[in-house]
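Visitor: One structure, as structure tokens, below. Some questions next.
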Amino acid sequence: QKSPVIWLFAGMLCLYSLFFAWRANLDITKPLFLGVVERFWLQSSAVVAVLAGLGLAVLTSVGSTMLEGSRALPWLEWLSALTLVASQVWANYSTCDQSNNYVVDKFARNLLSSMPTGAVILLRGDLPGNALRYVHYCEGMRPDITLVDQEMMTYEWYLPKLAKHLPGVYFPGNRWNPVEGVLPDGTLTFNLHRFLKVNKHKEVFVCIGLHEGDSTWRRSYSLWPWGTCEKLVPSNVVFDPGEWIRLTRELYNWTEDYGRYEAEPSSWEAVANEEMWQARMKTAFFIFDLAETASVTAEMKSQLYTFAYTSYKEIVNSHPNHPVNWHKNYAIACERMLRLHRGDVDPEALLSETVKHFLLYTEKAEDDPQRQDILQAVKHLKKELQGLRKMK
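Convert by adding 48 to the 1-based position in the sequence shown; the result is the number in my numbering.
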């Protein structure tokens with residue numbers, strides 16, 4: 049009687065496994081993607097559990113035939129099933145008990161709290177998308193903010209059904225597409241530049257990152273760092289590094305220790321913690337990159353390098369345990385300050401800091417392809433430092 053059921057579940061398991069193995073094309077060398085793939089195998093594990101139960105029933109039936117009249121067999125069946133369940137609970141309860149885990153919740157609340165009144169957030173990715181939507185819609189946090197999913201705006205059903213629930217935001221069409229126009233089915237498409245133009249009355253932020261397929265925003269806008277997120281700012285607005293450092297210095301109240309989730313690199317908690325720690329340095333990195341790439345006067349370039357160096361120094365010294373790339377970024381900032389030959393900064397101290405943090409970086413980032421080049425540069429910097437000390 050159970051044969052059709054067994055074949056049904058066995059067929060389900062095979063079909064699911066084959067289909068998922070075919071479609072699971074994520075790069076599992078990355079811990080996060082490995083975790084995503086692992087979690088998708090839970091469905092097939094449920095089928096295995098059902099088949100195990102059916103197998104136990106078959107074994108009991110065979111045993112009843114062989115041991116006719118034995119009253120102990122039904123009790124043995126129940127005992128084995130309960131023992132298996134109890135052993136799984138005993139072995140895995142502490143791992144599965146997430147009743148005191150509020151990391152993703154705090155991540156979402158910090159992001160929403162940092163936004164100005166009436167802001168529009170263009171969401172991208174599972175972590176910001178799901179976390180912010182839950183806290184915003186289900187728990188009613190920051191009702192003044194509007195959340196718009198970048199990926200879903202490319203779906204034909206999203207805006208016709210949900211645009212009316214996003215008050216104050218104008219959508220100049222029925223679907224987001226890098227190429228504006230009217231599709232054969234009559235759908236009016238718009239690109240990001242058009243969207244920003246008709247919503248210039250709103251402050252627009254992106255969390256985390258923008259869709260790579262649409263770069264039209266670059267015509268008239270720039271991305272300025274805002275913690276984990278970024279703000280889309282009209283290109284004609286002059287960037288004030290000192291003011292931006294002040295605005296973004298204390299955006300979040302993040303108290304999780306760095307590296308707390310090193311043992312669980314595939315978890316969303318690890319991703320959230322990493323994002324929040326890296327957010328501390330995004331403004332300094334942005335200012336440094338401006339100094340490196342922007343076409344500005346030598347005086348302005350010097351000011352940008354100084355702002356970046358000061359910000360890097362403050363952040364690195366405030367957090368003894370921090371991401372390894374901070375050492376590299378700070379060392380490069382020190383080296384650039386050294387080349388400016390400013391009289392208000394001790395060149396020996398700058399050289400010492402450069403050497404120290406480059407070495408700390410190479411100790412911890414052994415897989416960096418530039419590691420040997422950095423070590424070679426350190427040898428040269430050490431000679432400079434020795435020469436400087438001899439001159440004193």
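We treat Cβ as the ideally placed atom computed from N, Cα and C, and that holds for glycine.
Whole angstroms is fine: what's the gap from asparagine 239's alpha carbon to histidine 259's?
Guide: On the sequence shown, position 191 is the one that residue 239 refers to. On the sequence shown, position 211 is the one that residue 259 refers to. The C-alpha of histidine 259 is placed about 11 Å away from the C-alpha of asparagine 239.
Visitor: Looking at the strands, I want to know which residues DSSP matches up with valine 196.
Guide: As a first step, residue 196 must be located in the sequence shown, where it is residue number 148. Beta-bridge pairing links valine 196 to Leu170.
Visitor: Within 10 angstroms of its Cβ, does arginine 71 collect 16 or more other Cβ (buried), or is it exposed?
Guide: Counted from its first residue, the sequence shown places residue 71 at position 23. Arginine 71 comes out exposed.
Visitor: Contact defined as beta carbons within less than 8 Å: I believe asparagine 158 pairs with asparagine 301. What is the distance between those atoms, to the nearest angstrom?
Guide: Along the sequence shown, one-based indexing puts residue 158 at 110. Along the sequence shown, one-based indexing puts residue 301 at 253. Indeed they touch by this definition, with Cβ atoms about 7 Å apart.
Visitor: Report yes if the C-beta distance between lysine 250 and valine 344 is below 8 Å; otherwise report no.
Guide: The residue given as residue 250 occupies position 202 in the sequence shown. The residue given as residue 344 occupies position 296 in the sequence shown. Not closer than 8 Å, so no.
Visitor: Is lysine 279 helix, strand or coil when you go by DSSP?
Guide: The residue labelled residue 279 in the question sits at position 231 within the sequence shown. Residue state for lysine 279 is assigned as strand, using DSSP reduced to three classes.
Visitor: Could you name the residues of the same chain whose beta carbon sits closer than 6 Å to that of aspartate 233, not counting the 5 residues immediately before and after it, in chain order?
Guide: Within the sequence shown, residue 233 is the residue found at index 185, counting from 1. Excluding positions up to five away in sequence, the list is empty.
Visitor: Answer yes or no: do alanine 339 and threonine 276 have a C-beta to C-beta separation smaller than 8 Å?
Guide: For this step, residue 339 is matched to residue 291 along the sequence shown. For this step, residue 276 is matched to residue 228 along the sequence shown. Going by C-beta atoms, alanine 339 is not nearer than 8 Å to threonine 276.
Visitor: Look up histidine 273 in the DSSP assignment and give the residues it is bridged to.
Guide: Here the question's residue 273 lines up with position 225 in the sequence shown. According to the sequence shown, residue 273 is proline rather than histidine. Beta-bridge pairing links proline 273 to Glu278.
Visitor: Which residue wins for smallest C-alpha separation from aspartate 337, given the options Glu323, Ala356, Ala320, Met324?
Guide: Translated into the one-based positions of the sequence shown, residue 337 becomes position 289. Of Glu323, Ala356, Ala320, Met324, the residue nearest in Cα terms is Ala356.
Visitor: For leucine 171 and glutamate 199, what's the separation of their Cα atoms in angstroms?
Guide: As a working note, residue 171 is residue 123 in the sequence shown. As a working note, residue 199 is residue 151 in the sequence shown. The alpha-carbon atoms of leucine 171 and glutamate 199 are separated by roughly 8 Å.
Visitor: Is it buried or exposed, proline 56, if we count other Cβ atoms within 10 angstroms and call 16 or more buried?
Guide: Residue numbering aside, residue 56 sits at position 8 when the sequence shown is read from its first letter. Sequence check: residue 56 is leucine here, not proline. Exposed, since its Cβ has fewer than 16 Cβ neighbours within 10 Å.
Visitor: Would glycine 83 and serine 315 qualify as a contact pair, given that the criterion is a beta-carbon distance under 8 Å?
Guide: Locating residue 83 in the sequence shown gives position 35, where the first residue counts as 1. Locating residue 315 in the sequence shown gives position 267, where the first residue counts as 1. Contact flag set, yes.
Visitor: With a threshold of 7 Å on Cβ separation, who are the neighbours of tyrosine 218 within its own chain once the five nearest residues in sequence on each side are excluded?
Guide: To locate residue 218, count along the sequence shown from 1; it is residue 170. Correct list, in chain order: Val246, Asn247.
Visitor: Check each candidate in Gly177, Pro191, Val183 and name the one with the smallest Cα separation from methionine 201.
Guide: Walking along the sequence shown from the start, residue 201 turns up at place 153. Among Gly177, Pro191, Val183, the Cα nearest to that of methionine 201 is on Gly177.
Visitor: Quick one: any contact between the segment 257 to 274 and the segment 304 to 313, if contact means 3 or more CB pairs under 8 Å?
Guide: Contact fails: fewer than three Cβ-Cβ distances are below 8 Å.
Visitor: For glycine 234, name the three-state secondary structure that DSSP assigns.
Guide: As a first step, residue 234 is located in the sequence shown; it is residue number 186 there, counting from the start. Glycine 234: coil per DSSP, three-state reduction.
Visitor: Can you tell me which of Arg87, Leu63, Cys62, Tyr64 puts its alpha carbon nearest to the alpha carbon of leucine 74?
Guide: Here residue 74 corresponds to residue number 26 of the sequence shown, with the count starting at 1. Distance from the Cα of leucine 74 is smallest, within the candidate group Arg87, Leu63, Cys62, Tyr64, for Arg87.
Visitor: For glycine 221, does the count of other Cβ atoms within 10 angstroms reach 16, so buried, or fall short, so exposed?
Guide: Within the sequence shown, numbered from 1, the residue matching residue 221 stands at position 173. With 16 or more other Cβ atoms within 10 Å, it is buried.
Visitor: So cysteine 186 is in the beta strand (DSSP E); what residue range does that whole segment cover?
Guide: Locating residue 186 in the sequence shown gives position 138, counting from the first residue. Counting along the chain, cysteine 186 falls outside any beta strand (DSSP E), and DSSP gives it neither H nor E.
Visitor: Should valine 286 and tryptophan 272 be called a contact, given that it needs their Cβ atoms to be closer than 8 Å?
Guide: Taking the sequence shown and counting its residues from 1, the one referred to as residue 286 is at position 238. Taking the sequence shown and counting its residues from 1, the one referred to as residue 272 is at position 224. Their beta carbons are not under 8 Å apart, which means valine 286 does not touch tryptophan 272 by this criterion.
Visitor: Using the rule of at least 16 other Cβ atoms within 10 Å of the residue's Cβ for burial, across every protein chain shown, is methionine 439 buried or exposed?
Guide: Indexing the sequence shown from 1 puts residue 439 at position 391. Exposed: under 16 other Cβ atoms inside 10 Å.
Visitor: I need the DSSP call for arginine 308, collapsed to helix, strand or coil.
Guide: Counted from its first residue, the sequence shown places residue 308 at position 260. DSSP places arginine 308 in coil when its eight states are reduced to three.
Visitor: Looking only at its chain, what residues have a beta carbon closer than 6 Å to the beta carbon of asparagine 225, apart from the 5 residues adjacent to it on each side?
Guide: Taking the sequence shown and counting its residues from 1, the one referred to as residue 225 is at position 177. Closer than 6 Å at Cβ, skipping near neighbours: Thr237.
Visitor: Do glutamate 317 and valine 151 come within 8 Å of each other at the CB atom, strictly closer than that value?
Guide: Your numbering for residue 151 matches position 103 in the sequence shown. Your numbering for residue 317 matches position 269 in the sequence shown. Closer than 8 Å, so yes.
Visitor: Take valine 372 and list the residues in its own chain whose beta-carbon comes closer than 7 Å to its own, dropping the five residues that flank it on each side.
Guide: Along the sequence shown, read from residue 1 onward, the residue named residue 372 stands at position 324. Excluding positions up to five away in sequence, the list reads Tyr409, Lys412, Ala413.
Visitor: Out of Pro395, Val393, Val403, which one is the CA nearest neighbour of isoleucine 380?
Guide: Stepping through the sequence shown from its first residue, residue 380 is reached at position 332. Selected option, being the one with the closest Cα: Val403.
Visitor: Might you give, ordered along the chain, the residues of its own chain that have their beta carbon closer than 7 Å to the beta carbon of proline 164, omitting 5 neighbours on each side?
Guide: Locating residue 164 in the sequence shown gives position 116, where the first residue counts as 1. These residues qualify, in order along the chain: Glu251.
Visitor: Counting only runs that start and end within the segment 306 to 341, where is the alpha helix (DSSP H) found for 4 or more residues in a row?
Guide: 316 to 327, 330 to 341
Visitor: Looking only at DSSP bridge pairs, what is tryptophan 224 linked to?
Guide: Position 176 of the sequence shown, counted from the first residue, corresponds to residue 224. According to DSSP, tryptophan 224 bridges with Phe238.
Visitor: For the beta strand (DSSP E) that contains phenylalanine 518, what are its first and last residues?
Guide: This structure cannot speak to residue 518, because the chain is shown only from 49 to 440.
Visitor: Between asparagine 2 and the rest of its own chain, which residues show a CB-CB distance below 6 Å, the 5 nearest in sequence each way excluded?
Guide: With the chain covering only 49 through 440, there is no way to say anything about residue 2.
Visitor: Identify whether glycine 261 lies in helix, strand or coil by the three-state DSSP scheme.
Guide: As a first step, residue 261 is located in the sequence shown; it is residue number 213 there, counting from the start. Looking at glycine 261 - three-state DSSP - the assignment turns out to be coil, as it is neither helix nor strand.
Visitor: Are arginine 190 and leucine 214 closer than 8 Å when you measure CB to CB?
Guide: Working through the sequence shown from its first residue, we reach residue 190 at position 142. Working through the sequence shown from its first residue, we reach residue 214 at position 166. No Cβ-Cβ contact shorter than 8 Å links arginine 190 with leucine 214.
Visitor: Please determine, among Ala69, Tyr360, Val254, Glu187, the residue with the shortest C-alpha to C-alpha distance to aspartate 153.
Guide: Mapped onto the sequence shown, residue 153 falls at position 105. Aspartate 153 has its Cα closest to that of Glu187, out of Ala69, Tyr360, Val254, Glu187.
Visitor: By Cβ distance, which residues of its chain are closer than 7 Å to valine 85, with the 5 residues on each side in sequence left out?
Guide: For the purposes of this step, residue 85 is taken as residue 37 along the sequence shown, with counting starting at 1. If we look at valine 85 and ignore the five residues flanking it on each side, its Cβ neighbours are Ala72, Leu74, Ile76.
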